[in-house]
Each structure stands twice: as structure tokens, then as C-alpha cells.
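First up is the structure itself, then whatever we jot down about it.
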Amino acid sequence: MNHLFIWGACPRENAGSGCTLQVRPYTPLRTSGLSAEASAQAGFSLPSITHTFPSHPCPSPQGDGCPKDGVRASILFIFLLLHINLFAQKELSFTDKVYEPQIKTVQLYPDTDNPQDFLQPSTTPIHQQTLTLEFDDLQDNRNNYYAKLIHCNYDWTKSQLMDLDFLENYNEYNLTDYSFSNSTYSRYVHYRFKVPPVKITGNYLLIVYRDDQKDLILSKRMMVFDTQIGLTKDDQMLGTGTLNRANQQFNFILNYGDIQVINPVESIHVNMRQNQRWDNAKINLQPSSVRDADSELDYRFMDDSWQFNGGNEFRFADFRSLNYPGQNTGRLNKSIKPYELYLGIDAPRGESAYAQYKDLDGNFVIDNLDYGEPQITGNYLYVNFTLKCSTPYNENVYVVGKFNDYQRSEESKIRYNTSIGAYESRQFVKQGWYDYQYVLESKTHPLTTIEGSHYETENVYEIAIYYRPFRPNADLLIGYTLISVNPR
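With this note's numbering, you'll find the sequence shown wraps up at 865, consecutive numbering, no jumps.
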């Protein structure tokens, strides 16, 4: 934290009773018009520590002659506890994660000057590295933020490589490219950082922090790949049966003839994910057969263990303009700042037939049709989601999408309102176009229970192929393929 708020009380009429000191981290809220209650709803809540000093007998009400060593020791103890408490809550997670609530709209994408760049996964070929990180900090003043890269194994655990094994420069980069928001109701600083090039392929975790690397701000996964291995996809997508009509699967063959492999099953690993999601990714797919004579690994899945739920086309909301209503939006309350938007009322569609329409495969786009430069003119607003449901589910329900990295957390949980017979959720997000879905977290029902699942759904799959040579002793990303299923 940058600041501490300290409050203390020592009763003079009973100097021997001890003093109470409260210390809590203070992050100034530079969000114009936010009440204390609204700020709390936006997620600005941080831990505090309260401690009562041990009492000491004092000869006078003024405390003359009172021993002060105990007070000093107590103050030091408080600050030590606070330091431990703050950073214990920021344990590094090798996932896409935001560690402070005022950090919003994190995007990591290949910047190739294409308007569709924001929709692309955070991957880049090693010979043309263009990954760029952008995010907002809901404060008035810029912070001294730093970035660092961590090389990871195929399963996203930290590899044994040293920084100099994959970087030319010292592994700490100051974020110096920033802009202040312009004429917005919630002020923020927009940061932009071009990820430095790396020397070898593989998985990387990009972390951003303050002066202390334990004072984490965000972490983001990224992949740098080469094309040393070929992949041939089987055109037959699905088998038959009731289950397969809800799922998607395709078979493929890997040809590793261009690399020296002694034991391909042990040294080659294959991961697959759907629509840039990590929550349902398939890690370390096993081949069904090995043809050494042809240098081929055959991936033909005979059961549903490696199938993906086809899911449904994503719901979406268009609030790129605050002057004209967009698709699937309702009432916009301009009497409060920031504005509050109510989306159209949704209903479960798990039992409904498949309906085809275009979506962003779960992604989102920041845009402002009223003004230019959406990255610094886009307003943050409260967006209310409503899922009509006559009877609540016995399990937790969440609203997810790329905008919150599909994380099923307290922030994404929607709660049932018995007075209206519907689930409700309030999210603080930036102007744009957002895809989203409702998922049910259950041990007995699939995540797609509310939305439904169909093999006809359009989805984009990534296949990442890793190889661990003798040197370096790390998993290199030697193959990467994007496959679009049911493209429109």
C-alpha cells in the first residue's frame, strides 16, 4: 500500500487502562462522485488491524513518567503485523489474476495495428513478438509500477530457467507509458506496456507490482511459440449419441519428424483450451497411439473424457454509447455518477433449442461511440445483470466472460432476490461491448446447465504443443494452432 491511516485513543482520565490503535491501509479513491457506500460496492475494502497497548501504571493523568518502551514496541508490532497481513493476501498465483480492486480492464494482446487485435489470445510467434499489456488504475495520480516475466512449464508451474536464459536485459521493467482519463465521471490512469522480447519459446507469466515484488498488482499468462511441429486435424468432428450432441471433439495427428525426440510420450505435452478460457482447459492430453516409423503421435479420443461442452452462443450487451441505447440494454440512470445501467432481463435457456447468432466468443471490446480514444474517454459504470428464475438453484451462480477471466469469485457471484424472483449482480465495468454467460457451480450438474450446450455452437480452440529437450531443461512451445469450429 502507498498510505496508512492511523487512528488512536488513549483515555486521559484513566491513563493506566491502556491505549487502542487502529492501523489500516489507505488507498485514496479518486473516483469522482462515489459515495462511501458506492465505493465499498465497487470493491474498495482493505484489511485493518486493531491493537490495544498493555496498560502501564502512571503517576499522573498526564502520563508523566509512563514507560514508553512498551508503546513503541506495540507500534512496531502493529506495523509488522500489517506488513505481513497485506502481503499474505497477495500470494502470487500463476493464473490471470488482479490483486487489487482498483485495477480494472486488464488486456494482454498481440498488437499488430489490426482493429481485431484486442480479441486475439495472448500469444505471439517468437520471430514477431508484439504482445502489449493495457490496464486502468482508478486513481488520479500515476504509480511507479514494474513488470517482470517468469518462464513456466507446460502445466504453468515455474520452470528452472534463470532470467538470463530467456532475456537479454535485467528482468524488471518500469511502466512509463501512461495517460490520464479525459472527461470521465470516474477518473483513472491508463497504462500501456509493450512486453519485451524473449529468447526462447514457452509459457510465461507476466506480473506487475510496485517497488516490492510482493506488492502485486496483476498477473497475466502469455505464450510465445514456434512452428517446429506439424498438426493434421481430422475433419470428423463428432461421433454419435445424445452426449455428443452437447459436446465438441476433434482428432488430430502430430508429426515430430523435424526434431530429435527419444521418448515422445514423455517429452511432448499437448494442451487445449476453448475461447481463451483456462477454467476448463485440457492439460497434458495423452496420445492414443504412437507411430515411431512415421514420427507421429495420434490423438483419437474414444470417450468423452477429453470432450468440451459445446456451450451456447454468448449473451452480449452493447453500451458503447451513453447517449443512445445499444442492443440488450435497458434503463440508464444518469442521476448518479458514475451512471448505472440495467441490462435486459435474461432467462435460463438450458432446455431451449440452439439459436445461431454472432458473438465475440466470450470476449469484450472497449469502445466509446460518443467520443474518440475509448481507452481514456471510456466511462466506468455500474452494470446490473438480472437472471429471471422462479426457483433459486441449490448451488452458486456466477456471471462470467473474458471481462473477468471466467473467474467464479465473490465479485462474479449473482445473488437471488426473492422479492422479484430473479438473480441479480452489479458489476463496475468500462464502456464497450461485452459477452457474458451464467454458469452453475455444481458437483452434480455441468457449468452449462443454465445456458445449455450444443455441438453446433461456434467456438475457437487453441492447441499448444510443448517439447522438453535435454537443454534447456524447460518446456518449449514448438507448435501452436488455432482451430475454429462451426465458423460463421
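Here a beta-carbon is modelled for each residue, glycine too, at the ideal position from N, C-alpha and C.
Along the chain, where does the beta strand (DSSP E) containing glutamate 787 start, and where does it finish?
Looking at the DSSP string, glutamate 787 is not in any beta strand (DSSP E), and its letter there is neither H nor E.
For asparagine 761, which of helix, strand or coil comes out of DSSP?
strand
Mind checking which residues open and close the alpha helix (DSSP H) that includes leucine 541?
540 to 543
With tyrosine 568 and aspartate 554 assumed to form a contact (beta carbons below 8 Å), what rounded beta-carbon distance in angstroms separates them?
7 Å
Methionine 600 burial status per 10 Å Cβ neighbour count (16 or more: buried):
buried
By how many angstroms is the C-alpha of aspartate 669 removed from the C-alpha of phenylalanine 805?
54 Å
Grouping DSSP H, G and I as helix and E and B as strand, with all else coil, what is lysine 779?
helix
Buried versus exposed, by CB contacts within 10 Å (16 or more), valine 642
Label assigned to valine 642: exposed.
Within 10 Å of its beta-carbon, does isoleucine 878 have 16 or more other beta-carbons around it, so buried, or fewer, so exposed?
The requested residue 878 does not occur in the structure, where the chain is confined to residues 378 to 865.
For threonine 609 and threonine 834, the rounded distance between their alpha carbons
Using only the alpha carbons, I get a separation of about 22 Å.
In angstroms, rounded to a whole number, what distance separates the CA positions of threonine 489 and leucine 508?
Approximately 9 Å, taken between the alpha carbons.
CB-CB length for arginine 692 against asparagine 761, believed under 8 Å
Arginine 692 to asparagine 761, Cβ: 14 Å. No contact.
Own chain residues within Cβ distance below 6 Å of tyrosine 793, not counting five before or after
Pro769, Tyr800
In chain order, each alpha helix (DSSP H) run of at least 4 residues that lies wholly inside the segment 607 to 662:
641 to 644
Hey, leucine 552 and alanine 524 are a contact pair by Cβ (cut 8 Å); roughly how many whole angstroms apart?
So it is a contact: roughly 6 Å between Cβ atoms.
Within 10 angstroms of the Cβ of threonine 534, are there 16 or more other Cβ atoms? Answer buried if so, exposed if not.
exposed
Name the DSSP bridge partner or partners of alanine 730?
Answer is none; alanine 730 lacks a bridge partner.
Using DSSP bridges, identify the partner residues of cysteine 766.
Partner(s): none; cysteine 766 has no beta bridge.
To the nearest angstrom, how far is the alpha carbon of proline 498 from that of glutamine 784?
Between the C-alpha atoms of proline 498 and glutamine 784 there is a straight-line separation of about 17 Å.
Taking proline 502 as part of the beta strand (DSSP E), name the residues at either end of that continuous run.
500 to 502
Could you check where the beta strand (DSSP E) with threonine 482 kicks off and where it finishes?
480 to 487
Looking only at its chain, what residues have a beta carbon closer than 7 Å to the beta carbon of aspartate 747, apart from the 5 residues adjacent to it on each side?
Ser698, Leu699, Asn700
Alpha helix (DSSP H) containing isoleucine 527: first to last residue?
First-last for isoleucine 527: 523 to 529, but that is the beta strand (DSSP E), not the alpha helix (DSSP H).
Could you pull out every residue in the same chain whose Cβ sits closer than 8 Å to the Cβ of asparagine 705, ignoring the five residues on either side in sequence?
Contacts found: Arg692, Phe693, Ala694, Asp695, Leu720, Gly721.
Separation of leucine 631 from asparagine 745, as counted between CA atoms:
Taking the CA atoms as reference points, asparagine 745 sits about 44 Å from leucine 631.
Any heavy atom of the ligand HEM closer than 6 Å to the Cβ of serine 682?
Ligands displayed in this structure: none; no statement on the ligand HEM is therefore possible.
Using the DSSP secondary-structure output, state which residues sit across from glutamate 673 in a beta bridge.
The partner list for glutamate 673 (beta bridge, DSSP) reads Asn632, Arg668.
In whole angstroms, what separates the C-alpha of proline 846 from that of lysine 711?
60 Å
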